[in-house]
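Novice: Sharing a structure, written as structure tokens. Questions coming.
There are 2 protein chains.
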Amino acid sequence: MDFTIIDIANKAKVSKSTVSRVLNNSGYVSEKAREKVNKAVKELNYVPSAMAQGLSKKTSNTVGVLIPELQNYFFTELLQGLSEVVDNKGMTLIFSDTANDPIKQEKALLMIKGQRVKGLILTPANEYSSKKQNLELIKSLKALHLPIVIVDREIPDSPWDTVLFENFNAGYLATKALIKGGNKTIGIITGDMNLKIARERYDGYLCAMKEHNIEIDKKYIFNGDFTANTAYEITKNLFENSSNVPDGFVTCNNQSSIGFLRATLEKNLKAGKDFAVVGIDKINLIKEFNIPFSYINRDTYLMGKKAMEILIDRSENPTKEKMECIMPAKFVSLGTEKKK
Amino acid sequence: MDFTIIDIANKAKVSKSTVSRVLNNSGYVSEKAREKVNKAVKELNYVPSAMAQGLSKKTSNTVGVLIPELQNYFFTELLQGLSEVVDNKGMTLIFSDTANDPIKQEKALLMIKGQRVKGLILTPANEYSSKKQNLELIKSLKALHLPIVIVDREIPDSPWDTVLFENFNAGYLATKALIKGGNKTIGIITGDMNLKIARERYDGYLCAMKEHNIEIDKKYIFNGDFTANTAYEITKNLFENSSNVPDGFVTCNNQSSIGFLRATLEKNLKAGKDFAVVGIDKINLIKEFNIPFSYINRDTYLMGKKAMEILIDRSENPTKEKMECIMPAKFVSLGTEKKK
DNA sequence: TTGTAAGCGTTATCAC
DNA sequence: GTGATAACGCTTACAA
Numbered sequence: 005m006d007f008t009i010i011d012i013a014n015k016a017k018v019s020k021s022t023v024s025r026v027l028n029n030s031g032y033v034s035e036k037a038r039e040k041v042n043k044a045v046k047e048l049n050y051v052p053s054a055m056a057q058g059l060s061k062k063t064s065n066t067v068g069v070l071i072p073e074l075q076n077y078f079f080t081e082l083l084q085g086l087s088e089v090v091d092n093k094g095m096t097l098i099f100s101d102t103a104n105d106p107i108k109q110e111k112a113l114l115m116i117k118g119q120r121v122k123g124l125i126l127t128p129a130n131e132y133s134s135k136k137q138n139l140e141l142i143k144s145l146k147a148l149h150l151p152i153v154i155v156d157r158e159i160p161d162s163p164w165d166t167v168l169f170e171n172f173n174a175g176y177l178a179t180k181a182l183i184k185g186g187n188k189t190i191g192i193i194t195g196d197m198n199l200k201i202a203r204e205r206y207d208g209y210l211c212a213m214k215e216h217n218i219e220i221d222k223k224y225i226f227n228g229d230f231t232a233n234t235a236y237e238i239t240k241n242l243f244e245n246s247s248n249v250p251d252g253f254v255t256c257n258n259q260s261s262i263g264f265l266r267a268t269l270e271k272n273l274k275a276g277k278d279f280a281v282v283g284i285d286k287i288n289l290i291k292e293f294n295i296p297f298s299y300i301n302r303d304t305y306l307m308g309k310k311a312m313e314i315l316i317d318r319s320e321n322p323t324k325e326k327m328e329c330i331m332p333a334k335f336v337s338l339g340t341e342k343k344k
Numbered sequence: 005m006d007f008t009i010i011d012i013a014n015k016a017k018v019s020k021s022t023v024s025r026v027l028n029n030s031g032y033v034s035e036k037a038r039e040k041v042n043k044a045v046k047e048l049n050y051v052p053s054a055m056a057q058g059l060s061k062k063t064s065n066t067v068g069v070l071i072p073e074l075q076n077y078f079f080t081e082l083l084q085g086l087s088e089v090v091d092n093k094g095m096t097l098i099f100s101d102t103a104n105d106p107i108k109q110e111k112a113l114l115m116i117k118g119q120r121v122k123g124l125i126l127t128p129a130n131e132y133s134s135k136k137q138n139l140e141l142i143k144s145l146k147a148l149h150l151p152i153v154i155v156d157r158e159i160p161d162s163p164w165d166t167v168l169f170e171n172f173n174a175g176y177l178a179t180k181a182l183i184k185g186g187n188k189t190i191g192i193i194t195g196d197m198n199l200k201i202a203r204e205r206y207d208g209y210l211c212a213m214k215e216h217n218i219e220i221d222k223k224y225i226f227n228g229d230f231t232a233n234t235a236y237e238i239t240k241n242l243f244e245n246s247s248n249v250p251d252g253f254v255t256c257n258n259q260s261s262i263g264f265l266r267a268t269l270e271k272n273l274k275a276g277k278d279f280a281v282v283g284i285d286k287i288n289l290i291k292e293f294n295i296p297f298s299y300i301n302r303d304t305y306l307m308g309k310k311a312m313e314i315l316i317d318r319s320e321n322p323t324k325e326k327m328e329c330i331m332p333a334k335f336v337s338l339g340t341e342k343k344k
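Protein sequences appear in the order of chains A and B.
Here the first sequence is numbered in the working numbering, starting from 5 and rising by one per residue.
Here the second sequence is numbered in the working numbering, starting from 5 and rising by one per residue.
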């Protein structure tokens, strides 16, 4: 169906080795031969088979990307960054959405293995949090014998390069902003505390509170799980049934912020008036919808680019020491860190 | 590095053909041999090389997906639908974001061609709208000799299966809702009128207006281009400098709706009070943010699933007649189709 | 029921 | 400078 290197060789009246040399710019080729080959390539609209090349070269030009929540704005933006670099390098991106499901993730890893990709970019599915699950994931990943870059969610005790976020600092800055905003009582809707990123953000909260000698009150610690629904339920119940509403809130990721906002909006409560709040991570469309919501920002697109660049670097320098890129957290004020 | 079929054959003490037969469930294999092979496969954690398989079978298990705007919620959701089916079928998804850039798209098509994919899902980049550009795209696509499914944006006079939207009806329903809402003057922020989907939506608007004997007033026709920025500028200028503000608006895609809303929010104008509006396509987070905004909805996730299913169907039935799937448009009222 | 061998479209190693 | 030829890891007649 498609033309092969032999068709080009025939058409250009040279051997396929010469065609290959021209295409790969390797070895000596006379100007004449080069022209003939290029002409034939153009005329037949020939593009070499990546499969055949991969097989022959024993390496592909393909990277795998496994992402857990395509509906989350954060990952969409991340993917754009990844895609950008891949395109520029003329590589190919193989994508799968693991939907935070370890089973799906395991399947995807098999697919990735079958594709003999050059490397893998992975944000682990939520579930990998217990020691045991964690070890299993590490085992699966090691079995790939591949350059891997872990993004956003760290895998404890793992050897791979990482692109992470200043999680502690994010929690710290958010809390600090609320304290400076004059809030006396500050609550937090945590993430899934099985995940390190959730614990780190929480630790940042604790640290800021302690620094200011504010007593940690357990009734203000709300156990979320990084989903909008849970945050919504927590918030709704809180404002309905309890007088234990703190002045200010830290919401630990964009999904939680969304759930939190939804509940407060339903009750006609105004951020920056009826309560104070600082979220971690930007919410999509917040600017467009003119929604007042102070948050801790990071450059997600850049995270994607960095991750892919590190992966490429790693595949060229396999013995280099472990690389870690930690994206800074930045407080963006839209006024909601103060109450009233 | 990775194990090969020969390693399995050696370990199981059979020939590689037998291994292949077991793996592919083809031909006769004794129970004994099967067990030995499976054992070896498991022990060595063997996964066949998709590249070698593809080369040998002269067909891959891979589909290409080219999408023009990953930042648009519509396409994210679409991608989820595509991804779902791909995963279930044990296929592999190769992804590229063309960023509405024909040059990038052309590059991506070359990449796709090199990968010898089984088929291609494509939403063409915006630019392909002039007759000439259109023909060029058709030529490029034909040169692929591949099953192709065109999604959302039709390519006129093209032979490929399509999954489209009731564009005319969307414009019609939106306008009708505004008319029923009692609005006397109704404007429209159109999409990029080079695109058929924009013209169809506009035609729906015209039709509804005529049906109700409402005069079309050119000063209420605003030439947008499906981007938020343009809609924002149009809306901003309109409310600032002109007394020619219609009672109601049709905004022709979600990006335009976002830009429109942003401008009105900035001016503290309230949908359903200061003006009426019905948008085409859902805006992300509209429910969560409790933003009143009536719109014309479609099941985007399903569109993705359908598209991939059609692609698979097509690759199994190459001679089947052209398939067209048109997703229905449904009006969702959140009250903003009325003014005051 | 199993193994041998040719072939898939490349690259790479050699002679020439 | 160039062209055979082996090799990459698999599938698939065909032979046994």
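Backbone N, C-alpha and C fix where the C-beta goes; we use that ideal spot for every residue, glycine too.
Nearest-angstrom Cα distance between residue 90 (chain A) and residue 244 (chain B)?
Specialist: 44 angstroms
Novice: Would you kindly report the start and end of the unbroken beta strand (DSSP E) that includes residue 280 (chain B)?
Specialist: Its beta strand (DSSP E) spans residues 280 to 284.
Novice: For residue 52 (chain B), which option in A:115, A:276, A:85 has the closest C-alpha, if you only look at C-alpha atoms?
Specialist: A:115
Novice: Roughly how many angstroms lie between the CA atoms of residue 251 (chain A) and residue 276 (chain A), to the nearest whole one?
Specialist: 10 angstroms
Novice: Contact defined as beta carbons within less than 8 angstroms: I believe residue 284 (chain B) pairs with residue 205 (chain B). What is the distance between those atoms, to the nearest angstrom?
Specialist: Contact holds; Cβ gap of about 6 angstroms.
Novice: When DSSP builds the beta bridges, which residues end up paired with residue 80 (chain B)?
Specialist: Residue 80 (chain B) pairs with nothing; no bridge assigned.
Novice: Would you list the one or two residues that DSSP bridges to residue 340 (chain B)?
Specialist: Per DSSP, none; premise fails for residue 340 (chain B).
Novice: Mind pulling the beta strand (DSSP E) runs of 3 or more residues that sit fully within the segment 247 to 295 of chain A?
Specialist: Taking only runs of at least 3 residues, the beta strand (DSSP E) segments lying wholly in the segment 247 to 295 of chain A are 252 to 255, 280 to 284.
Novice: Distance cutoff 8 angstroms, beta carbons only. Does residue 87 (chain B) sit that close to anything in chain A?
Specialist: Cβ-Cβ to chain A under 8 angstroms: yes for residue 87 (chain B).
Novice: Compare the C-beta of residue 93 (chain A) with all C-beta atoms of chain B and state if any pair is closer than 8 angstroms.
Specialist: no
Novice: If the criterion is Cβ atoms closer than 8 angstroms, does the pair residue 242 (chain A) and residue 297 (chain A) meet it?
Specialist: no
Novice: State the Cα-Cα distance for the pair residue 64 (chain A) and residue 57 (chain A), rounded to the nearest angstrom.
Specialist: Computed Cα separation, rounded: 8 angstroms.
Novice: Going by Cα to Cα distance, which pick from B:8, B:11, B:314 is closest to residue 164 (chain B)?
Specialist: A check of alpha carbon separations from residue 164 (chain B) across B:8, B:11, B:314 identifies B:314 as the nearest.
Novice: Rounded to whole angstroms, what's the CA-CA distance from residue 316 (chain B) to residue 290 (chain A)? Just pull it up for me.
Specialist: Approximately 39 angstroms between the Cα atoms of the pair.
Novice: Are any of the Cβ atoms in chain B nearer than 8 angstroms to that of residue 233 (chain A)?
Specialist: no
Novice: Take residue 101 (chain A) and list the residues in its own chain whose beta-carbon comes closer than 7 angstroms to its own, dropping the five residues that flank it on each side.
Specialist: If we look at residue 101 (chain A) and ignore the five residues flanking it on each side, its Cβ neighbours are 71, 74.
Novice: With a threshold of 8 angstroms between beta-carbons, can residue 122 (chain A) be considered close to chain B, or not?
Specialist: Interface flag for residue 122 (chain A) against chain B is unset, since no Cβ pair is found closer than 8 angstroms.
Novice: Quick check on DSSP: helix, strand or coil for residue 172 (chain B)?
Specialist: helix
Novice: Just confirm the distance between the C-beta atoms of residue 43 (chain B) and residue 16 (chain B), as a whole number of angstroms; I'd bet it's less than 8 angstroms.
Specialist: 7 angstroms
Novice: Measure the alpha-carbon distance for residue 216 (chain B) versus residue 227 (chain A) and round it to whole angstroms.
Specialist: Answer to the nearest angstrom: the Cα atoms are 55 angstroms apart.
Novice: Using a Cβ-Cβ cut-off of less than 8 angstroms, list which residues of the segment 100 to 115 of chain B approach chain A; keep chain order.
Specialist: 100, 101, 108, 111, 112, 114, 115
Novice: Starting from residue 191 (chain B), follow its DSSP beta bridges and name the residues at the other end.
Specialist: Residue 191 (chain B) is bridged to B:253.
Novice: Starting from residue 53 (chain A), find everything on chain B with Cβ-Cβ shorter than 8 angstroms and list it in chain order.
Specialist: 59, 118, 120
Novice: Is the distance from the Cβ of residue 248 (chain B) to the Cβ of residue 230 (chain B) below 8 angstroms?
Specialist: Not in contact: residue 248 (chain B) and residue 230 (chain B) (Cβ atoms no closer than 8 angstroms).
Novice: Taking the beta strand (DSSP E) that residue 327 (chain B) belongs to, which residues open and close that run?
Specialist: No beta strand (DSSP E) contains residue 327 (chain B), which DSSP labels as neither H nor E.
Novice: Out of curiosity, what's the CA-to-CA distance linking residue 136 (chain B) and residue 286 (chain A)?
Specialist: Residue 286 (chain A) has its alpha-carbon roughly 42 angstroms from the corresponding atom of residue 136 (chain B).
Novice: With a threshold of 6 angstroms on Cβ separation, who are the neighbours of residue 318 (chain B) within its own chain once the five nearest residues in sequence on each side are excluded?
Specialist: 151, 165
Novice: Can you list the residues of chain A that residue 312 (chain B) reaches, using a CB-CB cut of under 9 angstroms?
Specialist: The premise fails here: residue 312 (chain B) is roughly 13 angstroms from chain A at the closest Cβ pair, so nothing lies under 9 angstroms.
Novice: DSSP three-state call for residue 7 (chain A): helix, strand or coil?
Specialist: coil
Novice: Quick one: what's got a C-beta closer than 7 angstroms to residue 238 (chain B)'s C-beta in the same chain, skipping five residues either side?
Specialist: 193, 226, 228
Novice: Would you mind reading off the limits of the alpha helix (DSSP H) that contains residue 308 (chain B)?
Specialist: 304 to 320
Novice: Determine the contact status of residue 253 (chain A) and residue 279 (chain A), defining contact as a CB-CB distance below 8 angstroms.
Specialist: yes
Novice: Can you tell me which of the three DSSP states residue 165 (chain A) falls into?
Specialist: The answer is strand: DSSP assigns residue 165 (chain A) an E or B state.
Novice: Checking contacts by CB at 8 angstroms: is residue 5 (chain A) closer than that to chain B?
Specialist: yes
Novice: Between residue 96 (chain A) and chain B, is the shortest Cβ-Cβ distance under 8 angstroms, so that the two count as touching?
Specialist: So, interface residue.
Novice: Within 8 angstroms (strictly less), CB to CB, does residue 127 (chain A) reach chain B?
Specialist: no
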